[in-house]
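A.B. asks: Structure incoming, see below.
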Amino acid sequence: MLLTVSLVRDDKGEALYMITQVQDISDRKELARRLEYLVDHDFLTGLFNRRRFEQELAHEVKRRERYHAPGAVLLIDLDNFKDVNDTFGHKAGDDLLKGVAGLLRERVRVTDFLARAGGDEFAVLLTQTNPDEAQVVADEIVKALGRQTAVMADQSIRITASVGLALFDDLSDAELLTYADLAMYEAKQAGRNRFAMYQPGKARRARVSARLAEAERIRQAVEEDRLLLYCQPILDLKTNEVSRYELLLRLPGEKGGEPLPPSSFLYVAERFGLIVAIDGWVVRKAIALIAAHARAGRNLVLSVNLSGRSIGDPKLVGLVEDALVEGRIDPARLIFELTETAAVANLEAARAFASRMRSHGCQLALDDFGGGFGSFYYLKNFAFDYLKIDGDFVRSLCVTPVDQLVVQAIVSIAQGMGRKTIAEFVVDAKTANLLRASGVDYAQGDHIGRPRPVAEALSLINRSRRVRQPGSILP
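If you're matching positions, the sequence shown starts at 30 in the working numbering and goes up one per residue.
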């Protein structure tokens, strides 16, 4: 309970009476405790999260430098986990992750550090462990998981994992994670359901050095405000106007080369803990753009993509809230796009993020809708404003009757729930016209307009927002 007492005085300053207020702040304190917990913990499994793991690893590396204490890092990635989600639904996937977390707790010591690194990946910091002992632990984890079966929809599913092992030696914390990551993928390439240990060598050293250099280049681009933003227009199929844009991130090319798309650098950004800073940078830029256009009397709506690791990080929520206050924009002009992959990385955190953003008036879009059975699960558990139809159903829409039926079904569901639909990968006028006839609300793709640098793309707003002929390409 919170007790506040206010003294009321008259015009002469004499005390007249007191006002006492008693307020129940239990919910507020519980929320504060929960947010504090989520800073270091994974909501679903109760394990520590990647952020806390990286802090502990950095601390242990410093300890090793001082006391020469042996140790190792394990990265554990479940094999074919996405198939479980797509086939049996995300509740089954969540139950499986919790079961794996419980099994791993039994296989590590109290002095070790276990975390969920994100999605279907776990990490273990083995302290005071020599190379032979570390290999035994890795092998036991692989075998213990391999002996487990999960019963889903009356089917027995075998659980396997690929494990990467890296020994402390004289490595930095970033090098340890990189080496363990490379070893994990070697285990996958060798057939999965096994572990691989990083072995020093010129070829591997070169790969790691390149990975570390790429991470440093990304970090510098963020810190020096050198990331690039492109815009792709989204056409309102009913009014034939460009009413909004999607922001797309690019990394400056080396030595003045072509800017790099997200697919070429976001993996490294996620592995080295840079993704929250990148997503935060994009959000701040989006809000600043919306604010600038609002001051000029233009209603700009922007959508931004967020990674699964960012929506599970409490720091991003605070960053968005601060930026909204500072920018003084209409929150409805900011749309956050979440993919099914991003949401499943931390389902509860995604639900909490979505709820928090909607409470501020921001909008949400479910990207790649229809690409998996889980998409319909999200309709029930998330309050999305837009469904972005998976591009696989749009690319060959004009020649594939099944795709046409799927699109019509998605439109029907969206309309029944009071939500809008957006079709991506619209490549020609015929597709745009068929989407319009099917009741799709918005279209996006190279036919509508290719991604362009922000300044160039948004300058079109000052010229004309209307497409003269239905389905024509924007200038």
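Think of the CB as a built atom: it goes at the ideal place given N, C-alpha and C, for glycine as much as any other residue.
All values derive from a computational prediction rather than experimental measurement.
Using a Cβ cut-off of 8 angstroms (strictly closer), state whether L196 contacts chain C.
C.D. replies: Absence of chain C from the displayed structure is noted, only one protein chain being present.
A.B. asks: Which residue spans inside the stretch 314-399 form an unbroken alpha helix (DSSP H) run of at least 4?
C.D. replies: Segments of the alpha helix (DSSP H) lying fully in the stretch 314-399: 337-340, 343-356, 369-374, 376-388.
A.B. asks: Grab me the residues of N410's own chain with a C-beta within less than 7 angstroms of its C-beta, minus the 5 sequence neighbours each way, in chain order.
C.D. replies: The answer, listed in chain order, is R380.
A.B. asks: Quick one: grab the DSSP three-state call for L423.
C.D. replies: Strictly speaking, residue 423 in this sequence is Val, with Leu absent from that position. Here V423 sits in coil by DSSP.
A.B. asks: In angstroms, rounded to a whole number, what distance separates the CA positions of L60 and N269?
C.D. replies: Note that L60 scores a pLDDT of 49, beneath 50, so its modelled location is shaky; the value from the coordinates is reported in the next line. Cα to Cα, the separation comes out at about 45 angstroms.
A.B. asks: Quick one: Cα of I48 to Cα of S35, how far?
C.D. replies: Answer to the nearest angstrom: the Cα atoms are 5 angstroms apart.
A.B. asks: Using C-beta distances below 8 angstroms, list every residue in its chain close to S384, excluding the 5 sequence neighbours before and after it, in chain order.
C.D. replies: Same-chain partners within the cutoff: A412.
A.B. asks: Ignore the nearest five residues each way along the sequence and tell me which others in F402's own chain have a CB closer than 6 angstroms to its CB.
C.D. replies: Residue placement at F402 cannot be trusted, given a pLDDT of 49 that sits under 50; what the coordinates show is reported in the next sentence. So the qualifying residues of the chain are D115.
A.B. asks: Compare the Cα-Cα distances from A486 to each of A182, D470, C260 and report the closest residue.
C.D. replies: Of the candidates A182, D470, C260, the one whose C-alpha sits nearest the C-alpha of A486 is C260.
A.B. asks: Identify, in the order they occur along the chain, each residue of the same chain with its Cβ nearer than 6 angstroms to the Cβ of K172, setting aside the five sequence neighbours on each side.
C.D. replies: Cβ neighbours of K172 beyond the five flanking positions: none.
A.B. asks: Restricting to Cα atoms, I'd like to know which of V305, L266, F301, V330 is closest to E83.
C.D. replies: If we check each option's Cα against that of E83, F301 comes out closest.
A.B. asks: Report yes if the CB atom of P360 is closer than 8 angstroms to the CB atom of G390, and no otherwise.
C.D. replies: In contact: P360 and G390 (Cβ atoms closer than 8 angstroms).
A.B. asks: My assumption, with CB atoms under 8 angstroms, is that L257 sits in contact with P288. Please give the rounded CB distance.
C.D. replies: Indeed, because the Cβ distance is near 5 angstroms, the residues count as touching under 8 angstroms.
A.B. asks: Name the two residues that bound the continuous alpha helix (DSSP H) containing V507.
C.D. replies: Within the shown structure, residues of the chain are numbered from 30 to 504, placing residue 507 beyond reach of any answer.
A.B. asks: What whole-angstrom Cβ distance do A11 and T450 have, given they're in contact under 8 angstroms?
C.D. replies: There is no way to answer for residue 11, as the model of the chain reaches only from 30 to 504.
A.B. asks: Please confirm whether E3 and F151 have their CB atoms less than 8 angstroms apart.
C.D. replies: Shown here, the chain extends from 30 to 504; a query on residue 3 therefore has no answer.
A.B. asks: Could you pull the start and end residues of the beta strand (DSSP E) that Q184 belongs to?
C.D. replies: 184-187 is the span of the beta strand (DSSP E), which, as asked, contains Q184.
A.B. asks: Taking the straight line between their C-alpha atoms, what separation do you get for H133 and D308?
C.D. replies: First, the residue type needs correcting, since residue 133 is Leu and not His in the sequence shown. Rounded to whole angstroms, L133 to D308 spans 31 angstroms at the Cα level.
A.B. asks: Could you give the C-beta distance for R424 and F454, rounded to a whole number, given that I count them as a contact under 8 angstroms?
C.D. replies: Their Cβ separation, rounded to whole angstroms, is 5 angstroms, which keeps R424 and F454 in contact under 8 angstroms.
A.B. asks: Give the straight-line distance between the Cα atoms of S185 and V129, rounded to the nearest whole angstrom.
C.D. replies: Those two C-alpha atoms are separated by around 16 angstroms.
A.B. asks: Less than 7 angstroms between C-beta atoms, sequence neighbours within five positions excluded: which residues of the same chain meet that for L397?
C.D. replies: In the sequence as presented, Leu is not what sits at residue 397; that position holds Asp. Within the same chain, D397 has close Cβ partners T368, E369, K417, D419.
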